């Protein structure tokens, strides 16, 4: 599975750097994402002294074409994490993207670790919290896990206007709580100020630790070191990934 997944990711990266830009997380930010994921899995392993049956649950908001899902699920197969029985639930509002994501998961050989769920919009709001909660409850019942589902790792990379609102929804549903690690993409490039202000407020309350990791927009640093590229152009592609750890229940 790991080899197939790596082949898929490499093919996507090659296409995006040589032919057409796409909004995947990309290799640079992908390293930040998987590093945070490994930290969350290590923490789960360290805490599993009494209950070894609870699976490691990762959730992604914004499947797109499944690149980041594949990138994350590939980590599940590393030997040190095999006992975690990890699973990734990714949600997508665009039905066409959801179909593509499911097919990409199959091509990568990781469809046993990735499930794609469609969310809907009623003209005012989405049902993201209900869809995620129902998926986790169903999964837990099959795996004989905890009765009360919890997200161990959350990656937010969907509608930039919904980062804060959907995080609050997941908090209110009891899915994001003590021990959850949240990674949010594009917080600087997309100027997602309300989200940053919210997690910073949570930090001041003592609920979380949070840090903005500076980086570049995906597939925009191919000209790094090229003096012919205007500095202003390079600066226009500055981005950031926000990594937030919940110290207590919100």
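Numbering (my numbering), first residue to last: 26 to 275. Don't be surprised by glycine CBs; every beta carbon is placed ideally from N, CA and C. Quick caveat: nothing in here was measured; it's all calculated off a predicted structure.
Using the beta-carbon count (16 or more within 10 Å), is residue i buried or exposed?
i: residue 236; result: exposed
i: residue 183; result: buried
i: residue 231; result: exposed
i: residue 54; result: buried
i: residue 227; result: buried
i: residue 218; result: exposed
If you compare alpha carbons, which of the options is closest to residue i?
i: residue 156; options: 195, 211, 52; result: 195
i: residue 141; options: 98, 63, 274, 55; result: 98
i: residue 91; options: 34, 273, 29; result: 34
i: residue 174; options: 149, 161, 203, 185; result: 161
i: residue 57; options: 265, 271, 219, 165; result: 265
i: residue 93; options: 214, 37, 191; result: 37
i: residue 200; options: 40, 154, 186; result: 154
i: residue 189; options: 244, 148, 86; result: 86
i: residue 107; options: 117, 131, 80; result: 80
i: residue 279; options: 119, 116, 68, 221; result: The chain is shown from 26 up to 275; residue 279 falls before or after that span and cannot be answered.
i: residue 147; options: 122, 125, 118; result: 118
When DSSP builds the beta bridges, which residues end up paired with residue i?
i: residue 50; result: Beta-bridge pairing links residue 50 to no other residue.
i: residue 112; result: 82
i: residue 241; result: 263
i: residue 270; result: 206, 234
Residues in the same chain with beta-carbon distance under 6 Å from residue i, minus the five sequence neighbours each way, listed in chain order, please.
i: residue 101; result: 111, 138
i: residue 269; result: 207, 224, 233, 235
i: residue 133; result: 29, 30, 33, 95
i: residue 65; result: 177, 178, 206
i: residue 245; result: 262
In the DSSP assignment, find the unbroken alpha helix (DSSP H) run with residue i in it and report its ends.
i: residue 293; result: Residue coverage of the chain in this structure runs from 26 to 275, which leaves residue 293 outside it and unanswerable.
i: residue 120; result: 120-133
i: residue 190; result: 188-197
i: residue 229; result: 218-230
Cutting at 7 Å between CB atoms, please list the residues of its own chain near residue i, excluding the five before and the five after it.
i: residue 84; result: 114, 157, 176, 179
i: residue 274; result: 202, 203
i: residue 240; result: 53, 54, 57, 264, 265, 266
Quick check on the DSSP output: the beta strand (DSSP E) that includes residue i runs from which residue to which?
i: residue 176; result: First-last for residue 176: undefined, no H or E at that position.
i: residue 207; result: 206-209
i: residue 139; result: 139-143
Can you find the residues in the same chain that come closer than 8 Å, C-beta to C-beta, to residue i, ignoring five residues on each side of it along the sequence?
i: residue 41; result: 47, 49, 51, 243, 244
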